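*Asks:* Next up is a structure, given as C-alpha coordinates.
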Amino acid sequence: ISASYTSGTVTQSDTRTVTIVNVPATLTGLTISGPTSVSENSSANYSATAGWSDGTSGTVRAIWSEDSEVAAIDENGVLTTSPVSADQPVLISASYTSGTVTQSDTLNVTVLQSQDLGNFPWSIFLPAILRPDEATLSR
(Lines of atoms letter the chains of each structure in order from A and count residues from 1; the text may use other names and numbers.)
(Lines give C-alpha, C1' and ligand atoms only; values in the text may rest on other atoms or scores of the structure.)
Protein backbone atom coordinates (compact mmCIF):
# COMPACT_ATOMS: atom_id res chain seq x y z
CA ILE A 1 0.00 0.00 0.00
CA SER A 2 1.33 3.41 -0.92
CA ALA A 3 0.29 6.78 0.45
CA SER A 4 1.48 10.30 -0.09
CA TYR A 5 0.76 13.69 1.42
CA THR A 6 1.66 17.13 0.11
CA SER A 7 1.74 20.31 2.16
CA GLY A 8 2.92 23.35 0.29
CA THR A 9 6.03 22.33 -1.57
CA VAL A 10 6.82 19.31 0.63
CA THR A 11 5.60 15.84 -0.32
CA GLN A 12 5.90 12.85 1.94
CA SER A 13 5.21 9.28 0.80
CA ASP A 14 5.59 5.81 2.13
CA THR A 15 4.94 2.23 1.02
CA ARG A 16 4.10 -0.73 3.22
CA THR A 17 3.61 -4.37 2.39
CA VAL A 18 0.34 -5.89 3.59
CA THR A 19 -0.30 -9.62 3.66
CA ILE A 20 -3.92 -10.70 3.36
CA VAL A 21 -4.52 -13.93 5.21
CA ASN A 22 -7.34 -16.28 4.31
CA VAL A 23 -9.22 -16.59 7.61
CA PRO A 24 -11.46 -19.67 7.67
CA ALA A 25 -15.11 -19.19 8.50
CA THR A 26 -16.14 -20.10 12.04
CA LEU A 27 -19.18 -22.07 13.11
CA THR A 28 -22.00 -19.74 14.25
CA GLY A 29 -25.08 -21.96 14.54
CA LEU A 30 -26.75 -25.33 14.03
CA THR A 31 -30.33 -26.09 13.00
CA ILE A 32 -32.19 -29.43 12.99
CA SER A 33 -34.58 -30.11 10.11
CA GLY A 34 -37.19 -32.86 9.96
CA PRO A 35 -40.77 -33.68 10.87
CA THR A 36 -42.20 -32.61 14.24
CA SER A 37 -44.45 -35.66 14.45
CA VAL A 38 -43.79 -39.31 13.62
CA SER A 39 -46.17 -42.27 13.78
CA GLU A 40 -45.42 -45.10 16.16
CA ASN A 41 -43.59 -48.13 14.66
CA SER A 42 -42.04 -46.00 11.92
CA SER A 43 -38.99 -43.88 11.19
CA ALA A 44 -38.11 -40.37 10.02
CA ASN A 45 -34.97 -38.66 8.75
CA TYR A 46 -33.42 -35.60 10.39
CA SER A 47 -30.53 -33.43 9.23
CA ALA A 48 -28.35 -30.77 10.82
CA THR A 49 -27.38 -27.57 8.99
CA ALA A 50 -24.41 -25.53 10.19
CA GLY A 51 -24.21 -21.76 9.78
CA TRP A 52 -20.83 -20.11 9.23
CA SER A 53 -19.44 -16.62 9.90
CA ASP A 54 -19.06 -15.94 6.17
CA GLY A 55 -22.83 -16.30 5.68
CA THR A 56 -22.76 -19.76 4.16
CA SER A 57 -24.49 -22.87 5.48
CA GLY A 58 -24.43 -26.57 4.78
CA THR A 59 -25.47 -29.97 6.04
CA VAL A 60 -23.05 -31.49 8.55
CA ARG A 61 -22.66 -34.87 10.24
CA ALA A 62 -23.84 -34.07 13.76
CA ILE A 63 -23.83 -36.10 16.95
CA TRP A 64 -27.47 -37.07 17.61
CA SER A 65 -29.33 -37.96 20.80
CA GLU A 66 -32.89 -38.15 22.16
CA ASP A 67 -34.48 -38.29 25.60
CA SER A 68 -37.06 -41.00 25.12
CA GLU A 69 -37.78 -44.66 25.76
CA VAL A 70 -40.18 -44.77 22.78
CA ALA A 71 -37.70 -43.61 20.12
CA ALA A 72 -34.05 -43.94 19.16
CA ILE A 73 -31.99 -41.83 16.79
CA ASP A 74 -28.90 -43.22 15.07
CA GLU A 75 -25.66 -41.56 13.95
CA ASN A 76 -27.23 -40.76 10.55
CA GLY A 77 -30.18 -38.85 12.04
CA VAL A 78 -32.75 -41.61 11.50
CA LEU A 79 -35.34 -41.65 14.29
CA THR A 80 -37.06 -45.02 14.84
CA THR A 81 -40.18 -45.16 16.98
CA SER A 82 -41.71 -47.92 19.11
CA PRO A 83 -45.37 -48.63 19.91
CA VAL A 84 -47.00 -46.06 22.22
CA SER A 85 -50.23 -46.20 24.22
CA ALA A 86 -50.73 -42.43 23.72
CA ASP A 87 -48.95 -39.62 21.90
CA GLN A 88 -45.47 -39.16 23.43
CA PRO A 89 -43.09 -36.18 23.35
CA VAL A 90 -39.47 -36.72 22.31
CA LEU A 91 -36.68 -34.15 22.42
CA ILE A 92 -34.10 -34.64 19.65
CA SER A 93 -30.69 -33.01 20.11
CA ALA A 94 -27.82 -32.49 17.67
CA SER A 95 -24.37 -31.04 18.24
CA TYR A 96 -21.50 -30.27 15.90
CA THR A 97 -17.94 -29.11 16.56
CA SER A 98 -15.62 -27.28 14.18
CA GLY A 99 -12.22 -26.37 15.58
CA THR A 100 -12.87 -25.16 19.11
CA VAL A 101 -16.47 -24.08 18.51
CA THR A 102 -19.44 -26.33 19.30
CA GLN A 103 -23.03 -25.50 18.38
CA SER A 104 -26.17 -27.45 19.22
CA ASP A 105 -29.91 -27.43 18.58
CA THR A 106 -32.99 -29.29 19.81
CA LEU A 107 -36.31 -30.19 18.19
CA ASN A 108 -39.53 -31.26 19.92
CA VAL A 109 -41.09 -34.25 18.17
CA THR A 110 -44.32 -36.09 18.99
CA VAL A 111 -44.59 -39.85 18.50
CA LEU A 112 -48.20 -40.34 17.44
CA GLN A 113 -50.27 -43.31 18.50
CA SER A 114 -51.87 -44.99 15.49
CA GLN A 115 -55.63 -44.87 15.37
CA ASP A 116 -57.05 -48.39 15.52
CA LEU A 117 -60.15 -48.47 13.34
CA GLY A 118 -60.90 -52.02 14.44
CA ASN A 119 -62.84 -50.66 17.43
CA PHE A 120 -64.69 -48.01 15.43
CA PRO A 121 -68.50 -48.33 15.83
CA TRP A 122 -69.16 -49.12 12.17
CA SER A 123 -72.64 -50.40 13.04
CA ILE A 124 -73.98 -46.85 13.31
CA PHE A 125 -73.53 -46.61 9.54
CA LEU A 126 -75.22 -49.91 8.64
CA PRO A 127 -78.72 -48.42 8.22
CA ALA A 128 -77.36 -45.86 5.77
CA ILE A 129 -75.45 -48.53 3.89
CA LEU A 130 -78.30 -51.06 3.72
CA ARG A 131 -81.16 -48.63 3.01
CA PRO A 132 -79.73 -45.22 2.19
CA ASP A 133 -83.12 -43.78 1.21
CA GLU A 134 -84.71 -44.63 4.61
CA ALA A 135 -81.79 -44.31 7.01
CA THR A 136 -81.52 -41.88 9.89
CA LEU A 137 -78.34 -42.06 11.86
CA SER A 138 -78.57 -42.14 15.63
CA ARG A 139 -76.53 -43.51 18.47
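In terms of the numbering used here, the sequence shown opens at residue 3 and continues consecutively. Glycine included, each C-beta is placed from N, C-alpha and C at the ideal position. Predicted, not measured: the structure shown is a model, and the values here were computed from it.
1. Mapping the DSSP letters down to three states, classify Pro85 as helix, strand or coil.
2. Identify which residue in Ser116, Gly10, Thr112 and Trp54 has its Cα closest to the Cα of Gly101.
3. Which partner residues of Ala27 appear in the DSSP bridge assignment?
4. Could you check what DSSP says for Asn43 in three-state terms: helix, strand or coil?
5. Pick from Thr11, Ile94 and Leu29: whose alpha carbon is nearest that of Leu81?
6. Which of the three DSSP states is assigned to Gly53 in this structure?
7. Tell me which residue opens and which closes the beta strand (DSSP E) that Ile3 is part of.
8. Over the uninterrupted beta strand (DSSP E) stretch that includes Val12, give me the two end residues.
9. Quick one: Cα of Thr108 to Cα of Pro85, how far?
10. Kindly indicate the opening and closing residues of the beta strand (DSSP E) around Val20.
11. Just the C-alpha distance for Ala73 and Ser97, rounded to the nearest angstrom, thanks.
12. Is it buried or exposed, Gln105, if we count other Cβ atoms within 10 angstroms and call 16 or more buried?
13. Name, in chain order, the residues that DSSP records as bridge partners for Thr108.
*Replies:* Considering the structure as presented:
1. coil
2. Trp54
3. Ala27 pairs with nothing; no bridge assigned.
4. coil
5. Ile94
6. strand
7. Run containing Ile3: none; DSSP gives neither H nor E here.
8. Val12 to Thr17
9. 23 Å
10. Premise fails: Val20 is in no beta strand (DSSP E) and is neither H nor E.
11. 18 Å
12. buried
13. Ser95
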